[in-house]
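Numbering (this note's numbering), first residue to last: 877 to 1118.
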């Protein structure tokens, strides 16, 4: 199975829920899948409210939080700025080394970035530089509401301009009362970008369990389309090697 890079049109859009849920579902189906969020700001890795802990809980991986997220800072800023203010320097090659180490344990990974693709990430790279280095297909998580068509199209165009493949878009945080507009946004994103919208994930209010998230993801995200994408990518790679 291919690894995937989970990015978004903004911060606080739902990347962690999507990445954790997808990893959890694929693990249930027998895939040896892990999760990786190398840089986290806003919480230290061990904080149960942070992304690393949520990724671990949703995916069900045995990996420790500080292995899922080797670099974490409590101050909620862009990772490069948060690290700088804390007097720490992280280079892209260090993150790549952690990625390669995790691949000794797992056959594939759901890698979560920070915010969007143009976020200042390490001392020497933006998020998109990290994604390019890994050469992974992207899953773009986007808001379902007003403005999302523009933000999503720009994100896809930016990714494609840098030679990245976008496997699909997931609109996260959809409310029942807004579904007519959400559906229109979905159709417009697909028409203008040529990229499929793989799902309309509902809004989770308050506390939620792993079981609730995974069941919702199974219902509202086209997991079979991701499996088809993985199979097609494998066939292309096999053909290219002949």
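Note that beta-carbon positions come from the ideal geometry of N, C-alpha and C, so glycine has one too.
Counting along the chain, no alpha helix (DSSP H) covers residue 1084, and no H or E run does either. Residue 947: member of the beta strand (DSSP E) spanning 947-949, first to last residue. Annotation for residue 929: 941 place their beta carbon closer than 6 angstroms to its own, counting only its chain and skipping 5 residues before and after.
Distance from the Cα of residue 896 is smallest, within the candidate group 885, 886, 939, 917, for 939. Per the C-alpha coordinates, the member of 945, 959, 890, 886 positioned closest to residue 1050 is 890. In the three-state scheme derived from DSSP, where H, G and I count as helix and E and B as strand, residue 892 is classed as helix.
Three or more Cβ pairs drawn from the segment 913-921 and the segment 949-960 lie within less than 8 angstroms of each other, which places the two stretches in contact.
Taking each of 1047, 905, 1015, 996 in turn and checking the Cα distance to residue 1022, the smallest one comes out for 1047. With contacts defined as CB atoms closer than 8 angstroms, residue 880 and residue 1015 qualify as a contacting pair. In this structure, the straight-line span from the alpha carbon of residue 883 to that of residue 926 is close to 17 angstroms. Proximity to residue 934 across 892, 1057, 1104 peaks at 892, based on C-alpha coordinates.
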